[in-house]
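Chains as they are written, first to last, in my numbering: chain P, 3 to 349; chain D, 57 to 264.
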């Protein structure tokens, strides 16, 4: 049994309870959101706002729970190498580091300080959780603004939909980090012979250093997920813009979130660049995920440029159309990781 | 939202930028599907390299167009419309001549270096708060931010030519990143910056 099994059990139980509460409250908030979306007059806006705040707070609590599990993984799952294997491994690592053209170095092992996993909070299903939590937090200022109750209702209804998807399809609590535990399972099962252990370590150690523990993991993915959340708000505002002109406050709301989203997207993409150079060398530029990200950034840049002229009738509709295309491009970019092969997917 | 009353040079340049960006997006989508259906991920390195070369060739006319638009966008801040037309014509002719004599890459590098020089001048003028700069929008921080952001873009494209020189490439990349971040902050959050700067100035005055 893995040394972290009791923690996993506690994590799943607490997480399940939390998700049930989130789903129940989201259903209430979403119902009020739908009523507001469909009705001419505002209906229980204050209650809807309070529910949205509580849902966002519960999601933050769940995020802290994910952080707690990752801390336990750090504390309880060090990659301890048996003393008899240590000299062999350090010899092998030194030989790899000395190899001509190796653009990286794998630190030699110190038995007193075994390598430990510092898992980012947005891997596997955690990324959906972080994305939807970012959306939940972002809509809080939006639903307090003096914009139409229908728009506010739509934002909250979308929050409920996202939480339903989270619970039904991408729950990070029911089976935590399945790929990670499949990877490390054989090492901690203790059934491998010494040669098998050696091979297993040489698979786990570089992946730990260049994927899980790299500082870029704390910058590049979360910034992109925050931009995705902001683009979603811009998308909803753009839909309302399409419904008719003469609502500058809706355009301003969409633009405020577009600015933040573009900031995060651009910075996130830029910060992925040196990581890509380090991990893949120059042979990655036309990778499908990169292509789709450039496409999305180009469309987003277009939106921000045309928005300068949104006071003109045709440009108003063109800009709102682009806000919707931005969202479609974002979904397309996200799906790319699953459907298209390449460096980001490892297919 | 800006509210210029008549159709300006900026408007047409923005439309042109939109078209070029749309073309680059379409090429990216084509690249993705080609990568998948030709099963390039499983192909040997020479086949992948051939794909990269082909994609570079496909996108290069549009990158050239983007560079030329940038090269016109930047001086429009400091030149009146008549001189801008003359400048654009001179730039186009010079680029063609250099491309014919020393190759397209040399022409692009020169156009980019010229743009970079002009953008630095624009940034200096924006920093000094010059009223002579032609911007579609008003505000000290916004103009400063826009100048920084466009400087970042010019530097980023220029930096792509130096990817074989790892040290310089990364150094330029970080300068690009800092310039872009400062630029976006200025562009997007200029009212907030103006309020903060005003508050600090008032506090300094009160303290002094």
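Cβ atoms here follow ideal geometry from the backbone N, Cα and C, with glycine treated the same way. This structure is a prediction, so every number in the text was calculated from the model and none was measured.
Contact under 9 Å by Cβ, residue 325 of chain P with residue 256 of chain P:
yes
Which two residues bound the contiguous alpha helix (DSSP H) that contains residue 232 of chain P?
222-244
Between which two residues does the alpha helix (DSSP H) containing residue 112 of chain P stretch?
Per DSSP, residue 112 of chain P belongs to no alpha helix (DSSP H) and is neither H nor E.
Measure the alpha-carbon distance for residue 145 of chain P versus residue 130 of chain P and round it to whole angstroms.
22 Å
Closest residue to residue 189 of chain P among P:290, P:84, P:317 (Cα-Cα distance):
P:84
Bounding residues of the alpha helix (DSSP H) (the contiguous stretch that carries residue 210 of chain P)
That residue, residue 210 of chain P, is in no alpha helix (DSSP H); it is neither H nor E in DSSP.
In angstroms with no decimal places, state the Cα-to-Cα distance between residue 57 of chain P and residue 24 of chain P.
6 Å
Looking at the C-beta of residue 62 of chain D, does it have a partner C-beta in chain P at a distance below 9 Å?
With a pLDDT of 49 at residue 62 of chain D, under the threshold of 50, the predicted position of this residue should be treated as unreliable, and no value is reported.
Tell me whether residue 290 of chain P is buried or exposed, calling it buried when 16 or more other Cβ atoms sit within 10 Å of its Cβ.
buried
What is the DSSP secondary structure of residue 185 of chain D, reduced to helix, strand or coil?
coil
Taking DSSP as the reference, what is the three-state secondary structure of residue 269 of chain D?
Nothing can be reported for residue 269 of chain D: it is not among the residues displayed for chain D, which extend from 57 to 264.
Considering only C-alpha positions, which residue in the set D:97, D:109, D:117 is nearest to residue 160 of chain D?
D:117
Grouping DSSP H, G and I as helix and E and B as strand, with all else coil, what is residue 194 of chain D?
coil
Are residue 141 of chain P and residue 157 of chain P closer than 9 Å when you measure CB to CB?
yes
Between residue 80 of chain D and chain C, is the shortest Cβ-Cβ distance under 9 Å, so that the two count as touching?
Of the protein chains in this structure, namely P and D, none is chain C.
Please look up how many angstroms separate the CB atoms of residue 155 of chain D and residue 123 of chain D, rounded, as I've assumed it's under 8 Å.
The pair is not a contact, with the Cβ atoms about 12 Å apart (cut-off 8 Å).
Taking residue 146 of chain P as part of the alpha helix (DSSP H), name the residues at either end of that continuous run.
That residue, residue 146 of chain P, is in no alpha helix (DSSP H); it is neither H nor E in DSSP.
Can you list, in chain order, the residues of its chain whose CB lies under 6 Å from that of residue 255 of chain D, leaving out five sequence neighbours each side?
none
When P:323, P:272, P:202 are compared against residue 239 of chain P, the one with the closest alpha-carbon
P:323
Tell me whether residue 232 of chain D is buried or exposed, calling it buried when 16 or more other Cβ atoms sit within 10 Å of its Cβ.
buried
Any beta carbon of chain D sitting closer than 9 Å to that of residue 166 of chain P?
no
C-beta atoms of residue 274 of chain P and residue 231 of chain P nearer than 9 Å
no
Identify the continuous alpha helix (DSSP H) that holds residue 70 of chain D and give its terminal residues.
65-93
Taking residue 244 of chain D as the reference, which of D:69, D:199, D:92, D:149 has the closest Cα?
D:199
Candidates D:148, D:248, D:163: closest to residue 201 of chain D by CA position:
D:248
Three CB pairs or more closer than 8 Å across the stretch 42-60 of chain P and the stretch 94-101 of chain P:
no
Need the endpoints of the alpha helix (DSSP H) that residue 303 of chain P sits in, please.
290-308
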